[in-house]
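Using the working numbering, the first residue of the sequence shown is number 346, and each one after it goes up by one.
Even glycine gets a Cβ: it sits at the ideal position worked out from N, Cα and C.
Just so it is clear, the structure is predicted and the values come from calculations on it, not from any experiment.
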Amino acid sequence: MPDVSAFIDSLKQLGADGQQAIGGASSLETLEQARIEFLGDARGRLKAAQKELGAVPREGKPQAGREFNAVKTQLEHLHAERRAALEAASRPASMQRDLTLPARARWVGAKHPVTLVIEEICAIFRELGFTVAQGPEAETDWYNFLALNFPADHPAMDAHDTLYLEGGGLLRTHTSPVQVRTLQRVAPPVRVLIPGTVYRRDCFDPSHAPAFAQIEGLAVDDDVSFADLKATLTHFAKRFFGSSRTRFRPSFFPFTEPSAEMDIECRLCGGAGCSACKGTGWMEILGSGMVHPNVLRAAGIDAERYTGWAFGMGPARIAMQRYKLPDIRLLYDSDVRFLEQIAR
């Protein structure tokens, strides 16, 4: 068992030796050798002293511990200062003397590409008289499915498609429930845009994600027709994508009838076919259709008097086309090198 005074004397000698070796290092290589000798985790002299500290008599440990910490802190600070000085000295002389050199550029961040797309879409529809509506992300079966004319045995209600919550409820699979909530609060005419996050049990592949942004649009009024829907969405596509070709395809959604999907010519391949568009040359950007009368009735709207249309689009998929991204996962990786290239 080491004597306390002898242990402290050895610590002081260790500190003096360390100051001489570290403070006198003339290069980064010799400094590293001194660091390993005195501060190394495996065979450093301080590490060995720490082991000896464990054998110091109990009554002397407080004093010995304070001395050990003081020596350790002193050598660590000295090492940091000497390293900084040697690194500065190793820089080219021109960099040391020329104070007019510009500072190193640092990217301080920007809005995410999907956020930029959402803001631009909202601006386009705002010009057409739409306002923005919001709703909860945790929903009930009634708002998410039944009020939207889903039959009770629809496959979308199965657990392998929908994320259910403990104690009841679910994470909304689309922003369509906000249509019903809006119509329950506001009498027609109604023209709203509904941005928000939705959740599905989708695989994570180049064009799908399990949680993603969606934008819903709803227009309900007297004599609203499918021609109005098509004209509005065609106007949006031309404003957003410019000269890209568009097409409508018949489709089916429980909450609209008739229904259609809208495609734009794939901007990644120019219509030639690629992995992002699955070789078709077209990229589906939204689903749409005339609001089913059962949905209007569920929201308390007179389906004999009013008609409406709705659409839902994925801003991330639209961002893929805007920025010509081959894989939607690039938008979720949070790689600042990627975001710096396209964000503004």
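Task: Same chain, Cβ closer than 8 angstroms to K406, five either side skipped, listed in chain order - done: Indexing the sequence shown from 1 puts residue 406 at position 61. These residues qualify, in order along the chain: L398.
Open item on the list: Any contact between the stretch 609-617 and the stretch 560-570? By contact I mean 3 or more CB pairs, one from each, below 8 angstroms.
Closed with: no
TODO: Could you tell me which of F571, G626, W627 sits nearest to A655, measuring between CA atoms?
DONE: Position 310 of the sequence shown holds residue 655. Out of F571, G626, W627, F571 has the C-alpha closest to the C-alpha of A655.
Task: Contact set for P603: own chain, Cβ-Cβ below 8 angstroms, skip 5 residues either direction - done: By one-based count along the sequence shown, residue 603 stands at place 258. Contacts found: F571, P595, G634, M635.
TODO: Can you grab the Cα-Cα spacing for the pair Q408 / D386, in whole Å?
DONE: Locating residue 408 in the sequence shown gives position 63, where the first residue counts as 1. Locating residue 386 in the sequence shown gives position 41, where the first residue counts as 1. Whole-angstrom Cα-Cα distance: 23 angstroms.
Task: L631 to L508 span [Cα, whole Å] - done: Your numbering for residue 631 matches position 286 in the sequence shown. Your numbering for residue 508 matches position 163 in the sequence shown. Roughly 22 angstroms separates the two Cα atoms.
- [ ] Kindly indicate which three-state DSSP category P402 falls into: helix, strand or coil?
- [x] Here residue 402 refers to the residue found at position 57 of the sequence shown. Coil at P402, not helix or strand.
Task: The beta strand (DSSP E) enclosing I367, as first and last residue numbers - done: Position 22 of the sequence shown, counted from the start, is the residue given in the question as residue 367. Premise fails: I367 lies in the alpha helix (DSSP H), 349-368, not in any beta strand (DSSP E).
Task: Cα-Cα separation between S620 and S679, rounded to whole angstroms - done: On the sequence shown, position 275 is the one that residue 620 refers to. On the sequence shown, position 334 is the one that residue 679 refers to. About 22 angstroms.
Task: Stretch pair the stretch 378-392 + the stretch 347-355: three plus CB contacts closer than 8 angstroms - done: no
Open item on the list: Would R530 and G474 qualify as a contact pair, given that the criterion is a beta-carbon distance under 8 angstroms?
Closed with: Taking the sequence shown and counting its residues from 1, one reaches residue 530 at position 185. Taking the sequence shown and counting its residues from 1, one reaches residue 474 at position 129. Not in contact: R530 and G474 (Cβ atoms no closer than 8 angstroms).
Open item on the list: Within 10 Å of its beta-carbon, does A643 have 16 or more other beta-carbons around it, so buried, or fewer, so exposed?
Closed with: Stepping through the sequence shown from its first residue, residue 643 is reached at position 298. The residue is buried, with at least 16 neighbouring Cβ atoms inside 10 Å.
Open item on the list: Comparing C-alpha positions only, which one of I469, F352, L373 sits nearest to H424?
Closed with: Taking the sequence shown and counting its residues from 1, the one referred to as residue 424 is at position 79. Of the listed residues, the one whose Cα sits closest to H424 is L373.
Open item on the list: Helix, strand or coil, according to DSSP, for I646 in the structure here?
Closed with: Here residue 646 refers to the residue found at position 301 of the sequence shown. In the structure shown, I646 sits in coil (DSSP, three-state: anything other than H, G, I, E or B).
- [ ] Please determine if the stretch 413-420 and the stretch 355-369 are in contact, where contact requires at least 3 C-beta pairs separated by less than 8 angstroms.
- [x] yes
Open item on the list: Just to confirm the assignment, what range does the beta strand (DSSP E) spanning A655 have?
Closed with: Counting from 1 along the sequence shown, the entry for residue 655 is found at position 310. A655 -> beta strand (DSSP E) spans 651-658.
Task: Contact check, V462 vs P671, beta carbons under 8 angstroms - done: Taking the sequence shown and counting its residues from 1, the one referred to as residue 462 is at position 117. Taking the sequence shown and counting its residues from 1, the one referred to as residue 671 is at position 326. Not in contact: V462 and P671 (Cβ atoms no closer than 8 angstroms).
Open item on the list: Determine whether the beta carbon atoms of N494 and F600 lie at a separation below 8 angstroms.
Closed with: Numbered from its first residue, the sequence shown carries residue 494 at position 149. Numbered from its first residue, the sequence shown carries residue 600 at position 255. Going by C-beta atoms, N494 is nearer than 8 angstroms to F600.
Task: Alpha-carbon spacing of D483 relative to G618, whole angstroms - done: Against the sequence shown, residue 483 aligns to sequence position 138. Against the sequence shown, residue 618 aligns to sequence position 273. Sequence check: residue 483 is Ala here, not Asp. Cα to Cα, A483 sits roughly 38 angstroms from G618.
TODO: Over the uninterrupted alpha helix (DSSP H) stretch that includes D486, give me the two end residues.
DONE: Reading the sequence shown from its first residue, position 141 is the one you call residue 486. Start and end: 486-489.
- [ ] Quick one: residues in its chain with C-beta nearer than 6 angstroms to the C-beta of A492, no 5 flanking neighbours on either side, listed in chain order?
- [x] Residue numbering aside, residue 492 sits at position 147 when the sequence shown is read from its first letter. Hits under 6 angstroms: V525, A643.
Task: Member of E382, E629, S589 whose CA lies at the smallest distance from the CA of A605 - done: For the purposes of this step, residue 605 is identified with residue 260 of the sequence shown, where counting begins at 1. Of the candidates E382, E629, S589, the one whose C-alpha sits nearest the C-alpha of A605 is E629.
Task: Contact check, S521 vs G657, beta carbons under 8 angstroms - done: Position 176 of the sequence shown, counted from the first residue, corresponds to residue 521. Position 312 of the sequence shown, counted from the first residue, corresponds to residue 657. Cβ distance < 8 angstroms, so S521 and G657 count as in contact.
Open item on the list: Could you check whether A648 and V459 sit closer than 8 angstroms to each other, using their CB atoms as the reference points?
Closed with: Within the sequence shown, residue 459 is the residue found at index 114, counting from 1. Within the sequence shown, residue 648 is the residue found at index 303, counting from 1. Taking 8 angstroms as the Cβ cut-off, V459 and A648 do not qualify as a contacting pair.
- [ ] Out of G615, V569, F597, point me to the one whose CA is closest to S588's CA.
- [x] Looking up residue 588 in the sequence shown gives position 243. Among G615, V569, F597, the Cα nearest to that of S588 is on G615.
- [ ] Ignore the nearest five residues each way along the sequence and tell me which others in Q419's own chain have a CB closer than 7 angstroms to its CB.
- [x] As a first step, residue 419 is located in the sequence shown; it is residue number 74 there, counting from the start. Excluding positions up to five away in sequence, the list reads G360.
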